[in-house]
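>
2 protein chains.
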Amino acid sequence: MRSYGQYCSIARGLDVVGDRWTLLIVRELLLQGPCRFTDLRNGLPGIAANLLSSRLRELEQAELISREDAPPPVATTLYGLTESGRALEPALKALGIWGLRYMAEDRPDDAFQAHWLAYGAAWLATDTDPEAPPVTIQVQADGKPVVVEIVGGRVESRVGRTEDPDLEIDGPPRAVLGLLNGLLDLDGAEKLGVSARGRTDVLSRLRPASTEAGPVDLVER
Amino acid sequence: MRSYGQYCSIARGLDVVGDRWTLLIVRELLLQGPCRFTDLRNGLPGIAANLLSSRLRELEQAELISREDAPPPVATTLYGLTESGRALEPALKALGIWGLRYMAEDRPDDAFQAHWLAYGAAWLATDTDPEAPPVTIQVQADGKPVVVEIVGGRVESRVGRTEDPDLEIDGPPRAVLGLLNGLLDLDGAEKLGVSARGRTDVLSRLRPASTEAGPVDLVER
DNA sequence: CCGGATCCCCAGGGATACTG
DNA sequence: CAGTATCCCTGGGGATCCGG
Chain A
1278 MRSYGQYCSI ARGLDVVGDR WTLLIVRELL LQGPCRFTDL RNGLPGIAAN
1328 LLSSRLRELE QAELISREDA PPPVATTLYG LTESGRALEP ALKALGIWGL
1378 RYMAEDRPDD AFQAHWLAYG AAWLATDTDP EAPPVTIQVQ ADGKPVVVEI
1428 VGGRVESRVG RTEDPDLEID GPPRAVLGLL NGLLDLDGAE KLGVSARGRT
1478 DVLSRLRPAS TEAGPVDLVE R
Chain B
1278 MRSYGQYCSI ARGLDVVGDR WTLLIVRELL LQGPCRFTDL RNGLPGIAAN
1328 LLSSRLRELE QAELISREDA PPPVATTLYG LTESGRALEP ALKALGIWGL
1378 RYMAEDRPDD AFQAHWLAYG AAWLATDTDP EAPPVTIQVQ ADGKPVVVEI
1428 VGGRVESRVG RTEDPDLEID GPPRAVLGLL NGLLDLDGAE KLGVSARGRT
1478 DVLSRLRPAS TEAGPVDLVE R
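Printed below as a string of structure tokens:
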């Protein structure tokens, strides 16, 4: 990227990660851990192969990512974040919280992947009752399964399924996301097509991680 | 900007502010308050007038900024941030903290403005001794004056001069910034051309605002 | 002088095809 | 699978010009 030529840490940061797709590549590596080229390509629907290739080269040169050869059974190269790359997490988190305000808009053609929903829960929600016992929620959105665990004040999540969850919810991504972030109550979510089975009371423990951003209306205006 | 087409709050956020110059425009309005076209242009050295014009139009449409007609004596239009625009502050702050690691590199041609240094102090530094009495520092870097006040755990700053500061420091931007962020000690800063007069002991109260980013080496490698 | 609009040119991004 | 190569087109940089 062409430099902004300004002695300002925001501008210099953008000199490095301001290019198109760059922050999303970091997002993928942050969420998925070390990835193969094809994993990244799948996690970034819409990116052109040459662009991904060139971005990876630039990011490696900037020492945000490093290539490593995977152990024998796989025998391919893996791309992983360096310390500098991982240090972008707070910035991505803040941007993700800000971007929540645009998640209400329904764009049917948008791609959707399970791990995006997973980080949505883990990064963007807080447990309001840290003293309460841990609970497990089996989430499914657009057919993609995610497990959310509320444990001692923290909200954690991963892609996949679990046995005997305290609660199961299923529905379109927008409604499920609103429910997980505490921005939608169950009534509202059910109107948007969510079905819930089990201890629906645990949902009241979830509140949006604020950064004093204030709540956002996830229902389309 | 062309949409990434991903149902992810980071991607949707970048759909709005991911274009070149956009975040820097928000930075200016955040630091300077409502601005005229020319003020923005001066605060964004390097931007082409047509780009600024088109970005302002897009940002207004996205409801991040609003135009208002200034009161009679000025009689020009002012651009100011809306609530959504101001909500970007945490993201810009996080990015600015991350970008600090690139502030060590010396690029003689980079532009430098006083208010960038001012936010550098206020956003990126913390007072380690909130109980201690308030102190005032008169800073000057590259001829541009900034006042930094350490008051009850908070670090505040503004462009300009004050009377009877507890400490005066003067030197090249890189060294002054390192000193204000607690990343450089006085000895190191003096080697980079800083001169200090007054209560140099108050500098020990400044520490970098972490976001667990860890300290950064501001001296060139 | 302020607040842009217009024009031209080039670099960077998108789509697809091709190769080790 | 992991990229490269190619072509095309849009979007950004830079200068100039114009109305208020």
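Chains as they are written, first to last, in my numbering: chain A, 1278 to 1498; chain B, 1278 to 1498.
Ideal Cβ positions, reconstructed from N, Cα and C, are used throughout, including at glycine.
Under the assumption that LEU1460 of chain B contacts TRP1375 of chain A (Cβ atoms under 8 angstroms), give the Cβ distance between them as a whole number of angstroms.
The pair is not a contact, with the Cβ atoms about 27 angstroms apart (cut-off 8 angstroms).
> Looking only at its own chain, which residues have a Cβ that is under 8 angstroms from the Cβ of ALA1402 of chain B, when we skip the five neighbours before and after it?
For ALA1402 of chain B, where only same-chain residues beyond five positions count, the Cβ hits under 8 angstroms are VAL1432, LEU1457, ASN1458, GLY1459, LEU1483, ARG1484, PRO1485 and ALA1486.
> How far does the beta strand (DSSP E) with ARG1435 of chain B in it reach, from first residue to last?
Its beta strand (DSSP E) spans residues 1431-1436.
> Are the C-beta of ARG1435 of chain B and some C-beta of chain A separated by less than 8 angstroms?
Not an interface residue.
> Can you name, in chain order, every residue of its own chain whose Cβ lies under 6 angstroms from the Cβ of LYS1421 of chain A, other than the five neighbours on each side?
The answer, listed in chain order, is ALA1391.
> Can you have a look at ARG1438 of chain B and say buried or exposed, based on whether 16 or more other CB atoms are within 10 angstroms of its CB?
When all chains shown are included, ARG1438 of chain B counts as exposed.
> Out of A:GLY1320, A:LEU1480 and A:TYR1284, point me to the one whose CA is closest to PHE1389 of chain A's CA.
Considering only alpha carbons, the answer is A:GLY1320.
> Just grab the DSSP bridge partners of LYS1421 of chain B for me.
DSSP output for LYS1421 of chain B lists B:ALA1418 as bridge partner(s).
> May I ask you to verify whether the stretch 1309-1327 of chain A touches the stretch 1408-1426 of chain B, counting CB pairs closer than 8 angstroms and requiring at least 3?
Cβ pair count under 8 angstroms is below three, so no.
> Name the residue from B:GLU1382, B:CYS1285, B:THR1315 and B:ILE1446 whose alpha carbon lies nearest to the alpha carbon of ARG1304 of chain A.
Among B:GLU1382, B:CYS1285, B:THR1315 and B:ILE1446, the Cα nearest to that of ARG1304 of chain A is on B:CYS1285.
> Please list the terminal residues of the continuous beta strand (DSSP E) segment that includes ALA1473 of chain A.
Per DSSP, ALA1473 of chain A belongs to the beta strand (DSSP E) from 1472-1475.
> Can at least three beta-carbon pairs, one atom from the stretch 1356-1371 of chain A and one from the stretch 1294-1310 of chain A, be found at a separation below 8 angstroms?
Yes: the two stretches touch, three or more of their Cβ pairs being nearer than 8 angstroms.
> How many angstroms separate the CA atom of GLU1548 of chain B from the CA atom of PRO1450 of chain B?
Not covered by the structure: residue 1548 of chain B. The range shown for chain B is 1278 to 1498.
> What do you get for LEU1442 of chain A, buried or exposed, if any count of 16 or more other CB atoms within 10 angstroms of its CB means buried?
For the sequence presented, residue 1442 of chain A should be read as Pro rather than Leu. Classification for PRO1442 of chain A: buried.
> Distance check for TRP1393 of chain A and TYR1281 of chain B, CA to CA, integer angstroms please.
For TYR1281 of chain B and TRP1393 of chain A, the distance between alpha carbons rounds to 14 angstroms.
> May I ask which residues mark the beginning and end of the alpha helix (DSSP H) holding PRO1450 of chain B?
Start and end: 1450-1457.
> Can you tell me whether DSSP reads ARG1498 of chain B as helix, strand or coil?
Caution applies to ARG1498 of chain B, whose pLDDT of 38 falls short of 50 and renders its modelled position unreliable; the value that the coordinates give is listed next. Reduced to three states, the DSSP call for ARG1498 of chain B is coil.
> Considering only the alpha carbon of each residue, which of B:GLU1337, B:ASP1386, B:GLY1373 and B:GLU1360 lies closest to ALA1399 of chain B?
Checking every option, the nearest Cα to that of ALA1399 of chain B belongs to B:GLY1373.
> Could you pull out every unbroken beta strand (DSSP E) segment of at least 3 residues lying fully inside the stretch 1389-1415 of chain B, listed in chain order?
Qualifying beta strand (DSSP E) stretches, in chain order: 1402-1404.
> If ARG1344 of chain B sits next to THR1354 of chain B, beta carbons under 8 angstroms apart, how far is it from one beta carbon to the other, in whole angstroms?
About 5 angstroms separates the two Cβ atoms, so the contact holds.
> For chain B, is any of its Cβ atoms less than 8 angstroms away from the one on TYR1356 of chain A?
No, no contact with chain B.
> For GLY1357 of chain A, which residues does DSSP report across the bridge?
Per DSSP, A:SER1343.
> When you check each C-beta in the stretch 1385-1419 of chain A against every C-beta of chain B, which residues fall closer than 7 angstroms?
Against chain B - using a Cβ distance shorter than 7 angstroms - the residues of the stretch 1385-1419 of chain A are ASP1386, ASP1387, ALA1388, PHE1389, TRP1393 and GLY1397.
> Listed in chain order, which residues of the stretch 1280-1294 of chain A have Cβ atoms closer than 9 angstroms to some Cβ of chain B?
Flagged, chain order: SER1280, TYR1281, GLY1282, GLN1283, TYR1284, CYS1285, SER1286, ILE1287, ALA1288, ARG1289, GLY1290, LEU1291, ASP1292, VAL1293 and VAL1294.
> List the residues of chain A whose Cβ lies closer than 8 angstroms to the Cβ of GLY1323 of chain B, in chain order.
Those are TYR1281, GLY1282 and GLN1283, listed as they occur along chain A.
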